[in-house]
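> Chains A and B, in that order, give the protein sequences. Position 174 of the first sequence, counting from 1, maps to 174 under my numbering, and the rest follow consecutively. Position 59 of the second sequence, counting from 1, maps to 59 under my numbering, and the rest follow consecutively. We put the beta carbon where it would ideally sit given N, CA and C, even for glycine. As the structure is a prediction and not an experimental result, all values here were calculated from the model.
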Amino acid sequence: MTHPLGDNQAREQAAFFGQVTASVTHEIKNHLALINEYNGLLADLLAAHARGRELDPARLAGLSAEVRKQVRQAGEIVGQLNRFAHSVDSEVEEVDLGELVATFAALSARRAQRRRIELKLALPPTAPRLVCQPFLLLLACHCLLEAILEACPEGADLTIDLEGGGERPRLVFECGQAILAGERRLPAWLLTNLNASLATDASRGLALVLGSAASGLEQT
Amino acid sequence: MSEPTKRILLVDDRADFVAIMAERLRQRGYEVEVATDGPAALEATRRQRFDGVVLDLVMPGMDGIETLSRLKEQDPGARVIVLTGHASSQYVVQALALGAADFMVKPVDIDSLLTRLVES
């Protein structure tokens with residue numbers, strides 16, 4: 001039986017979901033590994049104390065603070081993954097674009113970091129809201145980020161600017177150079193469903209120009 | 001005559017992780033060097049031989065697989081345990097094919113790691 005979206009669209013969306021989940025669960029594992037080591041060190045210090053070595057309260061306090069920090073960081077990324085999971089709850093809804101872009105950046109940070117690229121955000125004081133399909137918008141950001149990571153050298157600067165408001169806010173992926181692969185990476189069906197268009201700027205990078213969601217989904 | 005102190009190289013891009021693991025290993029009597037990327041790991045292994053190398057598979061820049069491949073070229077007898085987030089990872093299969101002695105899934109038990117790395 002053919003998927004109602006068409007096989008290509010369903011596959012692309014599933015692949016995106018898998019990539020994000022794999023990356024974030026890897027990050028969570030790293031936090032758990034560190035908590036494990038801090039706990040192990042506490043056990044080592046207690047064992048040494050049982051053999052007559054003095055315990056250093058300042059050291060213990062420091063380890064406790066580090067564990068708290070790891071738990072907080074892991075909690076933050078789990079929260080972002082939860083927001084991502086819920087982005088498919090409604091087909092179309094009004095979203096705060098600042099929050100959505102922040103979620104995207106948090107979920108993508110490690111992938112960019114593997115190319116030694118730090119993903120920065122430039123958000124307006126009041127972010128525009130847009131009626132859209134949030135999961136598809138996240139997918140579009142993912143496709144553009146893939147194009148940029150492919151084209152930019154390691155260690156490049158990358159900022160996502162959220163610009164404008166009203167009818168057509170823009171997400172500018174600013175990396176200081178032209179990105180020719182943007183159009184190839186962003187499928188036409190995705191732009192159609194987002195009522196969006198792609199603009200390239202040789203000096204800045206790529207801009208996704210957004211519009212209010214089209215009703216329903218277009219099939220291939 | 002006592003046995004010479006065993007030397008371990010820890011390779012992981014998370015500096016906080018290698019620092020704590022290194023401290024725990026030193027407390028157990030090992031000499032430990034740390035490297036937070038592939039090139040630093042290869043430089044360390046060029047300078048001296050280690051009794052065991054603990055290598056994270058996922059690192060920015062030169063990843064664990066490439067680091068392992070080059071390390072094995074330098075020293076085919078190097079004993080390397082790779083650390084991974086997931087046992088089913090494709091990287092584990094690649095690492096074992098490249099000559100890694102074993103793999104462990106994070107978070108690891110340090111004494112189990114030592115058993116596999118330098119004490120077996």
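Taking C141/A as part of the alpha helix (DSSP H), name the residues at either end of that continuous run.
Looking at the DSSP string, the run of the alpha helix (DSSP H) that includes C141/A is 134–151.
> Specify the secondary structure class of G155/A as computed by DSSP and reduced to three states.
Of the three classes helix, strand and coil, the one that applies to G155/A here is coil, per DSSP.
> What's the call for S203/A, buried or exposed, on a 16-neighbour Cβ count within 10 Å?
S203/A should be labelled exposed.
> From the beta carbon of E23/B, is the nearest beta carbon of chain A less than 8 Å away?
Yes - at least one Cβ of chain A is within 8 Å of the one on E23/B.
> Given a cut-off of 8 Å on the beta-carbon distance, is the pair P134/A and V95/A in contact?
Yes, Cβ-Cβ distance for P134/A and V95/A is below 8 Å.
> At a cut of 8 Å, does the stretch 189–196 of chain A reach the stretch 107–120 of chain A through at least three beta carbon pairs?
Not touching, per the Cβ criterion.
> Distance, Cα to Cα, G52/B vs R68/A?
Rounded to whole angstroms, G52/B to R68/A spans 32 Å at the Cα level.
> How about the stretch 160–178 of chain A and the stretch 194–209 of chain A: do they share at least three Cβ pairs that are nearer than 8 Å?
Yes, the stretch 160–178 of chain A touches the stretch 194–209 of chain A.
> Assuming contact is defined by CB atoms lying nearer than 8 Å, are I223/A and L206/A in contact in what I supplied?
The structure shown has nothing for residue 223/A, since chain A only spans 1 to 220.
> Counting beta carbon pairs with one atom in the stretch 60–69 of chain B and one in the stretch 24–32 of chain B, are three or more of them shorter than 8 Å?
At 8 Å Cβ cutoff, the stretches do not touch.
> Using 8 Å as the limit for Cβ to Cβ distance, is E154/A near chain B?
By this cut-off, E154/A is an interface position.
> Over what stretch of residues does the alpha helix (DSSP H) that includes K106/B continue unbroken?
Careful: K106/B lies outside any alpha helix (DSSP H) and carries neither H nor E.
> If you draw a straight line from the alpha carbon of T21/A to that of A44/B, how long is it in whole angstroms?
C-alpha separation (whole angstroms): 34 Å.
> Hey, quick one: how far does the beta strand (DSSP E) through G224/A stretch, first residue to last?
It is not possible to answer for residue 224/A, since the shown part of chain A is limited to 1 through 220.
> Can you pull the chain B neighbours of Q113/A, defined as C-beta to C-beta under 8 Å?
By Cβ distance, chain B contributes P60.
> Let me make sure I understand the geometry here. Which of D56/B, L98/B, V93/B has the alpha-carbon closest to that of D75/B?
If we check each option's Cα against that of D75/B, L98/B comes out closest.
> Can you tell me where the alpha helix (DSSP H) holding E23/B begins and where it ends?
Run containing E23/B: 15–27, per the alpha helix (DSSP H) assignment.
> Pull out every residue of the stretch 18–43 of chain A whose Cβ sits closer than 8 Å to any Cβ of chain B, in chain order.
Under the 8 Å Cβ criterion, the stretch 18–43 of chain A contributes T25, H26, K29, N30, L32, A33, L34, I35, N36, E37, Y38, G40, L41.
> For P60/B, tell me which candidate among H26/A, Q113/A, N30/A, L186/A has the shortest Cα-Cα distance.
Comparing Cα-Cα distances from P60/B to each of H26/A, Q113/A, N30/A, L186/A, the minimum goes to Q113/A.
> What's the call for G216/A, buried or exposed, on a 16-neighbour Cβ count within 10 Å?
Any reading at G216/A needs caution, since the residue's pLDDT is 44, under 50, leaving its predicted position unreliable; the model's value is listed next. When all chains shown are included, G216/A counts as exposed.
> Check T84/B in the structure and name its three-state DSSP category.
Strand.
> Closest to Q80/A by CA distance: which of P128/A, S23/A, L42/A is it?
With distances taken between Cα atoms, Q80/A lies closest to S23/A.
> Do the stretch 1–18 of chain B and the stretch 34–46 of chain A meet, that is, are 3 or more Cβ pairs less than 8 Å apart?
Yes, the stretch 1–18 of chain B touches the stretch 34–46 of chain A.
> Could you name each continuous alpha helix (DSSP H) segment of 4 residues or more that falls completely within the stretch 171–209 of chain A, going from the start of the chain to the end?
For the stretch 171–209 of chain A, whole alpha helix (DSSP H) runs of length 4 or above, ordered along the chain, are 182–185, 188–194.
> How many angstroms separate the CA atom of I20/B from the CA atom of H86/A?
About 36 Å.
> Who pairs with E163/A in a beta bridge, going by DSSP?
Answer by DSSP bridge pairing, in chain order: R170/A.
> For the beta strand (DSSP E) containing G52/B, name the first residue and the last one.
From DSSP, the beta strand (DSSP E) with G52/B extends over 52–56.
> Hey, out of D63/B, F103/B, E73/B, S88/B, whose CA is closest to T36/B's CA?
The option with the nearest alpha carbon to T36/B is D63/B.
> What in chain A is Cβ-close to G85/B, meaning under 8 Å?
By Cβ distance, chain A contributes T25, H26, K29, N30.
> According to DSSP, what are the bridge partners of R79/B?
DSSP lists no partner for R79/B.
> Could you spell out the range, first to last residue, of the alpha helix (DSSP H) harbouring L9/B?
From DSSP, L9/B is part of no alpha helix (DSSP H) but of the beta strand (DSSP E) over 7–11.
> Does A213/A come out as helix, strand or coil in the three-state DSSP assignment?
A213/A: coil per DSSP, three-state reduction.
> Which value, in whole angstroms, describes the spacing of the CA atoms of A10/A and D201/A?
Looking at the two C-alpha atoms, the distance is approximately 31 Å.
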